[in-house]
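Residue numbering for the sequence shown follows the working numbering, beginning at 454 and increasing consecutively. Heads up, the thing below is written out as C-alpha coordinates.
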Amino acid sequence: MKYILFIATLFWLQNVNAQDFLQNLPASTLTWQTFDAPPLTITNGTAKGSGIVDGIRNLLINKMPEYQHQVQELPYKRFLVYAKQGRNICTGYLFKSKEREEYMTFSKPAVIFPGVEALMRKETIEDLKFKDAVSLNDLFGTYNLRLETNSIRFYSDKINPIIKEYEHRGLVQRHTGSTTYVFRLLAAKRADFMIDFPNRIPYWVHELNLDPNDFASVALKEDTRNILSYVACPKTPWGQKVIARVNDILDEEMKKESYLNLLLRWAPVHHIAKITELYNTKLLGKKAAFEATSKTAQ
454 MKYILFIATL
464 FWLQNVNAQD
474 FLQNLPASTL
484 TWQTFDAPPL
494 TITNGTAKGS
504 GIVDGIRNLL
514 INKMPEYQHQ
524 VQELPYKRFL
534 VYAKQGRNIC
544 TGYLFKSKER
554 EEYMTFSKPA
564 VIFPGVEALM
574 RKETIEDLKF
584 KDAVSLNDLF
594 GTYNLRLETN
604 SIRFYSDKIN
614 PIIKEYEHRG
624 LVQRHTGSTT
634 YVFRLLAAKR
644 ADFMIDFPNR
654 IPYWVHELNL
664 DPNDFASVAL
674 KEDTRNILSY
684 VACPKTPWGQ
694 KVIARVNDIL
704 DEEMKKESYL
714 NLLLRWAPVH
724 HIAKITELYN
734 TKLLGKKAAF
744 EATSKTAQ
(Lines of atoms letter the chains of each structure in order from A; the text may use other names.)
(Lines give C-alpha, C1' and ligand atoms only; values in the text may rest on other atoms or scores of the structure.)
Protein backbone atom coordinates (compact mmCIF):
# COMPACT_ATOMS: atom_id res chain seq x y z
CA MET A 454 0.00 0.00 0.00
CA LYS A 455 2.85 2.40 0.87
CA TYR A 456 4.52 1.59 -2.45
CA ILE A 457 1.31 2.38 -4.37
CA LEU A 458 0.93 5.68 -2.54
CA PHE A 459 4.58 6.53 -3.28
CA ILE A 460 4.13 5.89 -7.02
CA ALA A 461 0.90 7.90 -7.14
CA THR A 462 2.55 10.80 -5.27
CA LEU A 463 5.56 10.70 -7.58
CA PHE A 464 3.33 10.78 -10.67
CA TRP A 465 1.35 13.71 -9.23
CA LEU A 466 4.53 15.65 -8.44
CA GLN A 467 5.93 15.05 -11.93
CA ASN A 468 2.67 16.27 -13.48
CA VAL A 469 2.53 19.35 -11.26
CA ASN A 470 6.20 20.14 -11.89
CA ALA A 471 5.71 19.85 -15.66
CA GLN A 472 2.79 22.29 -15.54
CA ASP A 473 4.61 24.73 -13.24
CA PHE A 474 7.67 24.45 -15.45
CA LEU A 475 5.71 25.81 -18.42
CA GLN A 476 3.66 28.34 -16.47
CA ASN A 477 6.67 30.10 -14.95
CA LEU A 478 8.73 30.48 -18.13
CA PRO A 479 9.38 33.98 -19.52
CA ALA A 480 8.27 34.80 -23.08
CA SER A 481 11.91 34.73 -24.16
CA THR A 482 12.10 30.97 -23.47
CA LEU A 483 11.13 28.65 -26.31
CA THR A 484 10.41 25.09 -25.24
CA TRP A 485 10.56 22.51 -28.03
CA GLN A 486 8.54 19.34 -27.58
CA THR A 487 10.10 16.14 -28.87
CA PHE A 488 9.07 12.51 -28.85
CA ASP A 489 10.74 9.27 -29.92
CA ALA A 490 9.49 8.84 -33.50
CA PRO A 491 12.45 7.58 -35.53
CA PRO A 492 13.78 8.51 -37.95
CA LEU A 493 12.13 11.95 -37.61
CA THR A 494 12.94 12.44 -33.94
CA ILE A 495 15.22 10.03 -32.11
CA THR A 496 15.51 10.26 -28.34
CA ASN A 497 17.01 6.85 -27.58
CA GLY A 498 19.71 4.49 -28.76
CA THR A 499 23.00 5.00 -30.55
CA ALA A 500 21.42 7.37 -33.09
CA LYS A 501 19.93 9.68 -30.44
CA GLY A 502 19.51 13.25 -31.71
CA SER A 503 20.20 12.40 -35.36
CA GLY A 504 16.63 12.41 -36.64
CA ILE A 505 15.44 14.48 -39.61
CA VAL A 506 13.35 16.82 -37.46
CA ASP A 507 16.09 16.89 -34.80
CA GLY A 508 18.35 18.44 -37.44
CA ILE A 509 15.75 21.01 -38.52
CA ARG A 510 14.99 21.94 -34.91
CA ASN A 511 18.71 22.43 -34.21
CA LEU A 512 18.96 24.62 -37.29
CA LEU A 513 16.10 26.81 -36.03
CA ILE A 514 17.62 27.00 -32.56
CA ASN A 515 20.93 28.21 -33.99
CA LYS A 516 19.15 30.84 -36.07
CA MET A 517 16.99 32.17 -33.22
CA PRO A 518 19.44 33.47 -30.58
CA GLU A 519 16.80 35.91 -29.31
CA TYR A 520 15.19 32.96 -27.49
CA GLN A 521 16.47 30.73 -24.74
CA HIS A 522 15.80 27.24 -26.10
CA GLN A 523 15.13 24.02 -24.24
CA VAL A 524 14.01 20.63 -25.52
CA GLN A 525 11.44 18.67 -23.52
CA GLU A 526 10.40 15.09 -24.27
CA LEU A 527 6.62 14.92 -24.04
CA PRO A 528 3.93 12.64 -25.52
CA TYR A 529 2.02 14.35 -28.31
CA LYS A 530 -1.27 14.12 -26.41
CA ARG A 531 0.19 16.13 -23.54
CA PHE A 532 1.83 18.60 -25.92
CA LEU A 533 -1.52 19.25 -27.62
CA VAL A 534 -3.17 19.80 -24.24
CA TYR A 535 -0.54 22.42 -23.38
CA ALA A 536 -0.95 24.02 -26.81
CA LYS A 537 -4.72 24.27 -26.34
CA GLN A 538 -4.03 26.02 -23.03
CA GLY A 539 -1.87 28.57 -24.88
CA ARG A 540 1.39 27.58 -23.19
CA ASN A 541 4.68 28.78 -24.71
CA ILE A 542 5.66 25.48 -26.29
CA CYS A 543 6.28 24.45 -29.92
CA THR A 544 7.08 21.31 -31.86
CA GLY A 545 9.23 20.76 -34.92
CA TYR A 546 7.00 18.02 -36.28
CA LEU A 547 3.21 18.03 -36.54
CA PHE A 548 0.64 17.07 -39.16
CA LYS A 549 -2.12 19.50 -40.02
CA SER A 550 -5.80 18.84 -39.39
CA LYS A 551 -8.84 21.11 -39.33
CA GLU A 552 -9.21 20.58 -35.60
CA ARG A 553 -5.57 21.43 -34.87
CA GLU A 554 -5.72 24.57 -37.01
CA GLU A 555 -8.31 25.93 -34.58
CA TYR A 556 -5.71 26.26 -31.81
CA MET A 557 -2.31 25.80 -33.53
CA THR A 558 -0.29 28.09 -35.80
CA PHE A 559 1.59 26.16 -38.49
CA SER A 560 4.72 27.09 -40.39
CA LYS A 561 5.17 26.56 -44.10
CA PRO A 562 5.82 22.85 -44.88
CA ALA A 563 9.16 21.91 -43.34
CA VAL A 564 9.46 18.19 -44.08
CA ILE A 565 8.24 16.01 -46.93
CA PHE A 566 8.74 12.30 -47.51
CA PRO A 567 6.94 9.39 -49.21
CA GLY A 568 4.01 7.88 -47.39
CA VAL A 569 3.60 4.28 -46.28
CA GLU A 570 4.73 1.53 -48.61
CA ALA A 571 5.10 -2.26 -48.57
CA LEU A 572 8.41 -3.01 -46.84
CA MET A 573 9.95 -6.32 -47.91
CA ARG A 574 13.12 -8.28 -48.08
CA LYS A 575 14.78 -7.41 -51.36
CA GLU A 576 14.77 -11.07 -52.45
CA THR A 577 10.95 -11.05 -52.35
CA ILE A 578 10.80 -7.95 -54.56
CA GLU A 579 13.24 -9.48 -57.03
CA ASP A 580 11.57 -12.89 -57.10
CA LEU A 581 8.15 -11.38 -57.81
CA LYS A 582 9.59 -8.72 -60.16
CA PHE A 583 7.89 -5.79 -58.41
CA LYS A 584 8.90 -2.41 -59.83
CA ASP A 585 7.36 1.02 -59.31
CA ALA A 586 4.16 0.13 -57.45
CA VAL A 587 1.97 -2.83 -56.54
CA SER A 588 -1.61 -3.26 -55.44
CA LEU A 589 -2.18 -4.31 -51.84
CA ASN A 590 -5.05 -6.44 -53.07
CA ASP A 591 -2.59 -8.25 -55.36
CA LEU A 592 -0.08 -8.81 -52.55
CA PHE A 593 -2.80 -10.71 -50.70
CA GLY A 594 -5.02 -12.11 -53.46
CA THR A 595 -2.54 -12.87 -56.26
CA TYR A 596 0.71 -13.53 -54.42
CA ASN A 597 -0.71 -14.85 -51.14
CA LEU A 598 1.82 -12.85 -49.09
CA ARG A 599 1.66 -12.64 -45.30
CA LEU A 600 1.44 -9.24 -43.58
CA GLU A 601 2.74 -8.54 -40.07
CA THR A 602 1.41 -5.43 -38.34
CA ASN A 603 0.63 -3.94 -34.94
CA SER A 604 -2.59 -4.74 -33.12
CA ILE A 605 -4.15 -1.27 -33.49
CA ARG A 606 -2.16 0.23 -36.37
CA PHE A 607 -4.16 2.58 -38.61
CA TYR A 608 -2.70 3.41 -42.04
CA SER A 609 -5.46 5.08 -44.05
CA ASP A 610 -9.12 4.81 -44.99
CA LYS A 611 -8.05 3.00 -48.18
CA ILE A 612 -5.53 0.53 -46.74
CA ASN A 613 -7.17 -0.63 -43.51
CA PRO A 614 -10.37 -2.05 -45.06
CA ILE A 615 -8.26 -4.22 -47.40
CA ILE A 616 -6.22 -5.51 -44.45
CA LYS A 617 -9.42 -6.29 -42.56
CA GLU A 618 -10.78 -8.28 -45.50
CA TYR A 619 -7.69 -10.51 -45.78
CA GLU A 620 -7.25 -10.80 -42.03
CA HIS A 621 -10.26 -13.11 -42.07
CA ARG A 622 -8.43 -15.28 -44.61
CA GLY A 623 -5.45 -15.80 -42.31
CA LEU A 624 -2.95 -13.63 -44.20
CA VAL A 625 -2.60 -10.94 -41.50
CA GLN A 626 -0.87 -11.41 -38.17
CA ARG A 627 -1.15 -8.69 -35.51
CA HIS A 628 1.19 -8.09 -32.57
CA THR A 629 1.12 -5.97 -29.43
CA GLY A 630 4.88 -5.33 -29.64
CA SER A 631 6.63 -2.35 -31.16
CA THR A 632 6.99 -1.70 -34.87
CA THR A 633 10.67 -2.57 -34.46
CA TYR A 634 9.54 -6.01 -33.32
CA VAL A 635 7.44 -6.35 -36.48
CA PHE A 636 10.51 -5.49 -38.56
CA ARG A 637 12.45 -8.18 -36.70
CA LEU A 638 9.82 -10.70 -37.82
CA LEU A 639 10.20 -9.51 -41.40
CA ALA A 640 13.98 -9.86 -41.19
CA ALA A 641 13.60 -13.36 -39.74
CA LYS A 642 11.35 -14.37 -42.67
CA ARG A 643 8.36 -14.88 -40.40
CA ALA A 644 6.51 -12.36 -42.55
CA ASP A 645 6.51 -11.48 -46.25
CA PHE A 646 5.89 -7.76 -45.85
CA MET A 647 4.91 -4.99 -43.48
CA ILE A 648 3.47 -1.54 -44.16
CA ASP A 649 5.32 1.51 -42.90
CA PHE A 650 7.30 4.58 -43.92
CA PRO A 651 10.27 3.49 -46.07
CA ASN A 652 12.64 5.92 -44.32
CA ARG A 653 12.41 3.69 -41.25
CA ILE A 654 14.32 0.89 -42.98
CA PRO A 655 17.78 2.52 -42.62
CA TYR A 656 17.05 3.33 -38.99
CA TRP A 657 16.01 -0.23 -38.16
CA VAL A 658 18.95 -1.87 -39.92
CA HIS A 659 21.25 0.55 -38.07
CA GLU A 660 19.75 -0.25 -34.67
CA LEU A 661 19.47 -4.00 -35.31
CA ASN A 662 22.86 -4.31 -37.05
CA LEU A 663 21.38 -5.74 -40.26
CA ASP A 664 22.48 -5.40 -43.89
CA PRO A 665 20.65 -2.43 -45.48
CA ASN A 666 20.95 -4.08 -48.89
CA ASP A 667 18.63 -6.87 -47.75
CA PHE A 668 15.52 -4.66 -47.61
CA ALA A 669 13.56 -2.32 -49.87
CA SER A 670 10.03 -1.01 -50.33
CA VAL A 671 7.40 -0.78 -53.04
CA ALA A 672 4.71 1.89 -53.31
CA LEU A 673 1.10 0.80 -52.81
CA LYS A 674 -1.25 1.72 -55.64
CA GLU A 675 -4.15 2.19 -53.24
CA ASP A 676 -2.46 5.08 -51.38
CA THR A 677 0.39 7.08 -52.94
CA ARG A 678 0.10 10.22 -50.81
CA ASN A 679 3.25 11.96 -49.64
CA ILE A 680 3.65 13.18 -46.05
CA LEU A 681 4.03 16.86 -45.13
CA SER A 682 4.83 18.03 -41.62
CA TYR A 683 5.15 21.46 -40.08
CA VAL A 684 6.64 23.41 -37.21
CA ALA A 685 3.73 24.32 -34.95
CA CYS A 686 3.07 26.59 -31.96
CA PRO A 687 -0.10 27.63 -30.10
CA LYS A 688 -2.37 30.10 -31.89
CA THR A 689 -1.47 32.97 -29.57
CA PRO A 690 0.39 36.24 -30.25
CA TRP A 691 3.52 34.56 -28.84
CA GLY A 692 3.11 31.48 -31.04
CA GLN A 693 2.33 33.48 -34.17
CA LYS A 694 5.46 35.57 -33.61
CA VAL A 695 7.59 32.43 -33.30
CA ILE A 696 6.12 30.90 -36.46
CA ALA A 697 6.66 34.14 -38.41
CA ARG A 698 10.32 33.95 -37.43
CA VAL A 699 10.47 30.24 -38.31
CA ASN A 700 9.03 30.94 -41.76
CA ASP A 701 11.65 33.63 -42.41
CA ILE A 702 14.40 31.14 -41.53
CA LEU A 703 12.87 28.37 -43.63
CA ASP A 704 12.56 30.73 -46.61
CA GLU A 705 16.31 31.33 -46.43
CA GLU A 706 17.64 27.94 -45.33
CA MET A 707 15.42 25.72 -47.42
CA LYS A 708 17.15 26.95 -50.58
CA LYS A 709 20.45 25.48 -49.44
CA GLU A 710 21.71 22.00 -50.25
CA SER A 711 22.39 21.51 -46.54
CA TYR A 712 18.62 21.54 -45.95
CA LEU A 713 18.10 18.86 -48.57
CA ASN A 714 20.77 16.82 -46.79
CA LEU A 715 18.69 17.03 -43.61
CA LEU A 716 15.69 15.63 -45.48
CA LEU A 717 17.87 12.84 -46.87
CA ARG A 718 18.96 11.68 -43.44
CA TRP A 719 17.92 8.04 -43.15
CA ALA A 720 16.64 8.00 -46.74
CA PRO A 721 16.72 4.54 -48.32
CA VAL A 722 18.99 4.54 -51.37
CA HIS A 723 16.07 3.77 -53.67
CA HIS A 724 14.22 6.87 -52.38
CA ILE A 725 16.95 9.51 -52.60
CA ALA A 726 15.85 10.64 -56.07
CA LYS A 727 12.17 10.69 -55.07
CA ILE A 728 12.74 12.75 -51.92
CA THR A 729 14.94 15.15 -53.88
CA GLU A 730 12.18 15.57 -56.46
CA LEU A 731 9.58 16.20 -53.74
CA TYR A 732 11.90 18.74 -52.12
CA ASN A 733 12.37 20.58 -55.42
CA THR A 734 8.76 20.52 -56.61
CA LYS A 735 6.73 20.65 -53.38
CA LEU A 736 8.90 22.60 -50.94
CA LEU A 737 10.78 24.88 -53.33
CA GLY A 738 8.28 24.86 -56.19
CA LYS A 739 11.06 24.35 -58.73
CA LYS A 740 11.79 21.66 -61.28
CA ALA A 741 15.39 20.94 -60.26
CA ALA A 742 17.14 23.08 -57.69
CA PHE A 743 19.45 20.21 -56.73
CA GLU A 744 20.13 16.86 -58.33
CA ALA A 745 19.81 13.63 -56.38
CA THR A 746 23.04 12.02 -55.27
CA SER A 747 23.88 8.55 -54.04
CA LYS A 748 24.88 9.66 -50.56
CA THR A 749 22.82 10.94 -47.67
CA ALA A 750 23.54 13.16 -44.73
CA GLN A 751 23.39 10.21 -42.37
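Beta carbons are placed, not taken as given, at the ideal position from N, Cα and C, and that holds for glycine. Predicted model, so just to flag it, every value in this text is computed and none were measured.
Nearest by alpha-carbon distance to residue i: which of the options is it?
{"i": "Y683", "options": "T499, L513, L673, P479", "result": "L513"}
{"i": "T544", "options": "K516, P491, K575, V506", "result": "V506"}
{"i": "G568", "options": "R643, P721, D649, E526", "result": "D649"}
{"i": "S711", "options": "C686, G508, T632", "result": "G508"}
{"i": "G738", "options": "P614, K642, M707", "result": "M707"}
{"i": "T677", "options": "K611, D664, E618", "result": "K611"}
{"i": "Y520", "options": "I654, I542, L600, L533", "result": "I542"}
{"i": "T629", "options": "N511, R606, W657, G623", "result": "R606"}
{"i": "A641", "options": "F668, K516, V722", "result": "F668"}
{"i": "T633", "options": "L483, L478, T482, P491", "result": "P491"}
{"i": "W719", "options": "T482, H522, V658, A480", "result": "V658"}
{"i": "L475", "options": "N511, Y608, R540, P665", "result": "R540"}
{"i": "N515", "options": "N666, R627, R698", "result": "R698"}
{"i": "S550", "options": "E705, T729, L681", "result": "L681"}
{"i": "G594", "options": "R574, E618, D580, L547", "result": "E618"}
Less than 9 Å separating the beta-carbons of residue i and residue j?
{"i": "V671", "j": "F566", "result": "no"}
{"i": "L716", "j": "V564", "result": "yes"}
{"i": "F646", "j": "L527", "result": "no"}
{"i": "L493", "j": "G502", "result": "no"}
{"i": "L589", "j": "E675", "result": "yes"}
{"i": "S560", "j": "N733", "result": "no"}
{"i": "C686", "j": "I702", "result": "no"}
{"i": "I666", "j": "K727", "result": "Note that residue 666 is Asn in the sequence shown, not Ile. Result no, Cβ atoms of N666 and K727 do not sit closer than 9 Å."}
Based on the DSSP secondary-structure assignment, which residues constitute the bridge partners of residue i?
{"i": "M557", "result": "P687"}
{"i": "R627", "result": "T602"}
{"i": "D649", "result": "E570"}
{"i": "V524", "result": "W485"}
{"i": "L547", "result": "Y683"}
{"i": "V587", "result": "L673"}
{"i": "T632", "result": "BP columns for T632 are empty, so no partner."}
Any idea if residue i is buried or exposed, counting beta-carbon neighbours within 10 angstroms, 16 or more meaning buried?
{"i": "E570", "result": "buried"}
{"i": "H621", "result": "exposed"}
{"i": "K688", "result": "buried"}
{"i": "A644", "result": "buried"}
{"i": "P518", "result": "exposed"}
{"i": "L736", "result": "buried"}
{"i": "T558", "result": "buried"}
{"i": "G753", "result": "No answer is possible for residue 753: the residues shown for the chain start at 454 and end at 751."}
{"i": "A461", "result": "Confidence at A461 is low in this model, with a pLDDT of 42, below 50, so its placement is unreliable and no value can be given for it."}
{"i": "T499", "result": "exposed"}
{"i": "E552", "result": "exposed"}
{"i": "L731", "result": "buried"}
Tell me, to the nearest whole angstrom, how far the beta carbon of residue i is from that of residue j; I am working on the premise that it is less than 8 Å.
{"i": "Y556", "j": "A536", "result": "6 Å"}
{"i": "V661", "j": "E601", "result": "Note that residue 661 is Leu in the sequence shown, not Val. Rounded, the Cβ-Cβ distance is 15 Å, inconsistent with contact."}
{"i": "N782", "j": "V635", "result": "Absent from the structure is residue 782, since the part of the chain shown begins at 454 and ends at 751."}
{"i": "V524", "j": "T487", "result": "6 Å"}
{"i": "P562", "j": "P651", "result": "Not a contact, Cβ separation roughly 19 Å."}
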